[in-house]
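Worksheet: one structure, shown below.
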Amino acid sequence: MQKNVQKLYSGNEVIVLAAIEAGAEAMFGYPITPSSEILQGWIESASSNRNLQFLQTEDETSAGFATIGSILGGKKAFTATAGPGHVLMQDPLSMAENLRIPFVAIVMQRGGPSTGTVNYSQQEVNLAAFGGNGDGLRVVYSASSIDELYSLTIKTFNTAWRYKFPSILLGDGYLAKMKTKFSPSKSIRPIKSTEMLEGKKNPTYLRNCFSSEEEFGAELDKNIADWNRLRSQIAESEVYKINDASEIIIAHGLVAQASKEAVEIMRNNRRKIGLFKPITLNPIDSRTLNKVSSGKKKIYIVESSRNQLSHIIKYELDKFCGEIVEISKPAQGFTAKEIVNKIEKD
Amino acid sequence: MIETMPKCWNQKTKPHFFCPGCGHAIILKQLGFVIDDLKLEQEVKFFIDIGCSLLAWNFYNFDTVQTHHGRTTPTAVGYKMAKPKKVVIGYMGDGGGYAIGLQSVLHAAFRNDPVTIILVNNENYAMTGGQMAPTTMPNEITTTTPTGKEVKFGPGMHGPELIRNIASDKAYIARTSMSAPEAVKIAIKKAIKTQIENNAFSFLEILSICPTNWKTDAEGSFERLKMAESYYHIGEIPPQKSSQK
Ligand SMILES: Cc1ncc(C[n+]2csc(CCOP(=O)(O)OP(=O)(O)O)c2C)c(N)n1
Ligand code: SF4
């Protein structure tokens, strides 16, 4: 007798569901592991939904610029990429950053530099947050589970369209490919997209090229002022068993998931340790970070890159007097036990 | 009465910022007349490259977007997909279209994306100080070919002929020269009508002058242009007979 089989979803499949839920109407992409199934899944959805557009472009740069063109025409468009494709995506991301275009990129990190591995890493944090020839006015979310991939995809769209900063969701190869049971969480209401070239009486001129330092400086100052005003509204984090802790682990993405388990194990060993998990890596929820770290003995920053998260955290920490220990394994994953061993050996 | 200025020109930005005698200004004027004639001021969306074309960012009374160097075509294609009824024009130099952005131009032609690309061929990278372009002709001296363009850097690139090879038969592909403004107008009109009436790709290269970088006076500029006109073929490049694309 056949049993009731429940469908299992991969992270990439969940992202497609979430993008549609967020009101996305167009996707432009160039295949790259481990994000290709987002493009494939989107195209499959488009075959039964005429409102969904897509184009497999000649490269990632074109995917990004076609996304921009589509957004200028009023569509809620996005792209998905990884690794070397994310490098090429910096060109359109820089234009979106300057012109305040609500650009969404889903980035499933893989090991670098170069072609690296196609599996897993957390080495694209710097690129996502500070890549491009600007000052990093991009919102970067990091997902640590399939459920979060869903809710944060929707959030990434809403943030981009609400605040008009390019917004990136970081996942990784494991999250992209792993399959689990999944039922969509209650959705957040999508934000409407409007045309940026309306052809009204006064023409719209969008330019990214300025001839005087002062003129361009004034433009940048406006954007930076917006960023500074909005950053506390955008920044998000999660804390776990932090109240009585004398030490904290700081980790994001899948490493945060393993760290949560590590906290559990160490708590059973009577170690008073907690977790701070940034959900936005740019901007960081520095208010919560400084509140929870105040008076703590030690901070362990655990990540699958060479201290990329650590650099961000150290810059944001205000008057922290304890010790900071960096535990990094570039492009390799952590198990909870490994994190426990490293901390207990310290 | 003969109109001296297109109605769709943004008067507030005239005189323009192109160098005196620049070919871009003359070509943009013809484009303006075509937009007037076809009454497209409300319909047209103008996407420009980085290169001297960037100086046209507020040249007209219609929506204009400066993109990045070489990225005009994909931006225009994405916009056209979102707004298929709009008339989408990409405007670029020969560096933007035949070097950094060639891949995108070729693929837009290959897919028959219904956009119009106007490429101004002044045979050099003008905005950055007169370096060699793919279209620089053999033996010509530029700031990166100080002893003349050698064979090892290739001859002058024949863009429209290259594009024709992979474009749909419905696409309009041509080369014209700014020495004949009436012919430029006719070709631009045909390119735009191809987009509107045939829903097909159109590509027009316009041979142009750059007195600043070629260091030519009016007479010298047009002498150079004559040379270019004999090196490059002027006219429409029809689909090959054997092809059925
Ligand atoms: C990615 C990138 N590379 C290089 C440049 C520098 N750059 C600006 S314009 C240009 C070439 C312009 O030549 P062309 O496209 O022929 O236009 P023209 O100025 O001759 O009209 C270059 C190389 C740039 N802006 N962006
Ligand atoms: S440098 Fe040449 S192409 Fe550029 S504006 Fe001057 S004359 Fe025109």
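If you read the sequences in order, they're chains A and B. Numbering-wise (our numbering), the first sequence opens with residue 6 and increments by one. Numbering-wise (our numbering), the second sequence opens with residue 4 and increments by one. Just so it is clear, CB atoms sit at the ideal spot from N, CA and C, and this is done for glycine as well.
Sub-8 angstroms separation of Asn312 (chain A) and Ser291 (chain A) beta-carbons: No, the Cβ-Cβ distance between Asn312 (chain A) and Ser291 (chain A) is not below 8 angstroms.
Below-8 angstroms beta-carbon distance, Pro288 (chain A) vs any chain B residue: Chain B contact via Cβ: absent.
Proximity test, Cys55 (chain B) beta-carbon vs ligand 1 heavy atom, cut-off 7 angstroms: Yes, ligand 1 has a heavy atom inside 7 angstroms of this Cβ.
4-residue-minimum alpha helix (DSSP H) runs that sit fully inside the region 83–164 of chain A, ordered along the chain: Qualifying alpha helix (DSSP H) stretches, in chain order: 88–93, 95–104, 130–135.
Coil, strand or helix - Gly300 (chain A) by DSSP: Coil, per DSSP.
The region 106–120 of chain B contacting the region 129–138 of chain B, beta-carbon criterion three pairs below 8 angstroms: Contact between the region 106–120 of chain B and the region 129–138 of chain B is absent, because fewer than three Cβ pairs lie under 8 angstroms.
C-beta contact flag for Ala85 (chain A) and Ile111 (chain A) at 8 angstroms: With respect to the 8 angstroms criterion, Ala85 (chain A) and Ile111 (chain A) are classified as neighbours on the basis of their beta carbons.
Three-state class that DSSP yields for Pro2 (chain A) in the structure shown: Limits of chain A in this structure are 6 at one end and 351 at the other, which puts residue 2 (chain A) out of reach.
Short CB-CB distance (under 8 angstroms) between Thr62 (chain A) and chain B: By this cut-off, Thr62 (chain A) is an interface position.
Beta carbon proximity, Phe221 (chain A) to chain B, threshold 8 angstroms: It does not: the Cβ of Phe221 (chain A) has no partner Cβ on chain B nearer than 8 angstroms.
Closer than 8 angstroms to chain A by CB, Ala85 (chain B): Yes, Ala85 (chain B) counts as interfacial toward chain A.
Under 7 angstroms by beta carbon: chain B residues contacting Arg212 (chain A): Per Cβ cutoff of 7 angstroms: Trp60, Gln69.
Inter-residue spacing [alpha-carbon to alpha-carbon] between Met32 (chain A) and Val345 (chain A): Rounded to the nearest angstrom, the two C-alpha atoms are 42 angstroms apart.
Closer than 7 angstroms: Cys25 (chain B) CB and nearest ligand 2 heavy atom: At least one heavy atom of ligand 2 is nearer than 7 angstroms to the Cβ of Cys25 (chain B), so yes.
Listed by chain order, chain B residues near Asp96 (chain A) by CB distance under 8 angstroms: For Asp96 (chain A), the C-beta contacts it makes with chain B under 8 angstroms involve His71, Arg74, in order along the chain.
Gln128 (chain A) beta carbon less than 8 angstroms from that of Gly117 (chain A): Yes, the pair counts as a contact, with Cβ atoms nearer than the cut-off.
Range covered by the beta strand (DSSP E) that runs through Tyr63 (chain B): Note, Tyr63 (chain B): premise wrong, no beta strand (DSSP E); not H, not E.
Terminal residues of the alpha helix (DSSP H) in which Asn124 (chain B) lies: Note, Asn124 (chain B): premise wrong, no alpha helix (DSSP H); beta strand (DSSP E) at 119–124.
Rounded separation between Leu22 (chain A) and Lys160 (chain A) - CA only: Looking at the backbone, the Cα of Leu22 (chain A) and that of Lys160 (chain A) are separated by about 13 angstroms.
Cβ-Cβ distance between Gly178 (chain A) and Asn124 (chain A) below 8 angstroms: Yes.
Residues within the region 71–90 of chain A neighbouring chain B, beta-carbon criterion of under 9 angstroms: For the region 71–90 of chain A, which is checked against every Cβ of chain B, the residues closer than 9 angstroms are Ala71, Thr72, Ile73, Gly74, Ser75, Ile76, Leu77, Gly78, Gly79, Lys80, Ala82.
C-beta neighbour in chain A for Leu210 (chain B), strict 8 angstroms: Answer no: the Cβ-Cβ gap between Leu210 (chain B) and chain A never drops below 8 angstroms.
Three-state class that DSSP yields for Gln58 (chain A) in the structure shown: The three-state reading of DSSP puts Gln58 (chain A) in strand, counting E and B together.
Alpha-carbon spacing of Ile318 (chain A) relative to Leu225 (chain A), whole angstroms: Cα-Cα distance, rounded: 25 angstroms.
Backbone CA spacing between Asn103 (chain A) and Leu77 (chain A) [nearest angstrom]: So the two alpha carbons sit approximately 14 angstroms from each other.
Three-pair Cβ contact test at 8 angstroms for the region 20–32 of chain B versus the region 206–226 of chain B: In short, these stretches touch, since the Cβ pair count reaches three.
is_contact[Thr293 (chain A), chain B] using C-beta, thresh 8 angstroms: Chain B, which has no Cβ nearer than 8 angstroms to the Cβ of Thr293 (chain A), makes this no.
Beta-carbon proximity check, Trp60 (chain B) vs Tyr155 (chain A), cutoff 8 angstroms: The Cβ atoms of Trp60 (chain B) and Tyr155 (chain A) do not sit closer than 8 angstroms to each other.
Proximity below 8 angstroms, CB of Ile348 (chain A) to CB of Met271 (chain A): In this structure, Met271 (chain A) lies closer than 8 angstroms to Ile348 (chain A) by Cβ.
Inter-residue spacing [alpha-carbon to alpha-carbon] between Ser233 (chain B) and Ala183 (chain B): In a straight line, the C-alpha of Ser233 (chain B) is about 14 angstroms away from that of Ala183 (chain B).
Residues in the region 22–38 of chain A having any Cβ partner in chain B nearer than 8 angstroms: So the close ones are Ala31, Phe33.
Residue environment, His236 (chain B), which counts as buried when at least 16 other CB atoms sit within 10 Å: With fewer than 16 other Cβ atoms inside 10 Å of its own Cβ, His236 (chain B) counts as exposed.
Short CB-CB distance (under 8 angstroms) between Val187 (chain B) and chain A: So, not an interface residue.
Interface residues of the region 187–204 of chain B facing chain A [CB-CB below 7 angstroms]: Residues: none.
Heavy atom of ligand 2 within 7 angstroms of Cys213 (chain B) beta-carbon: Because some heavy atom of ligand 2 lies under 7 angstroms away, the Cβ of Cys213 (chain B) counts as near it: yes.
Exposed unless 16 or more other CB atoms sit within 10 angstroms - verdict on Glu42 (chain A): Classification for Glu42 (chain A): buried.
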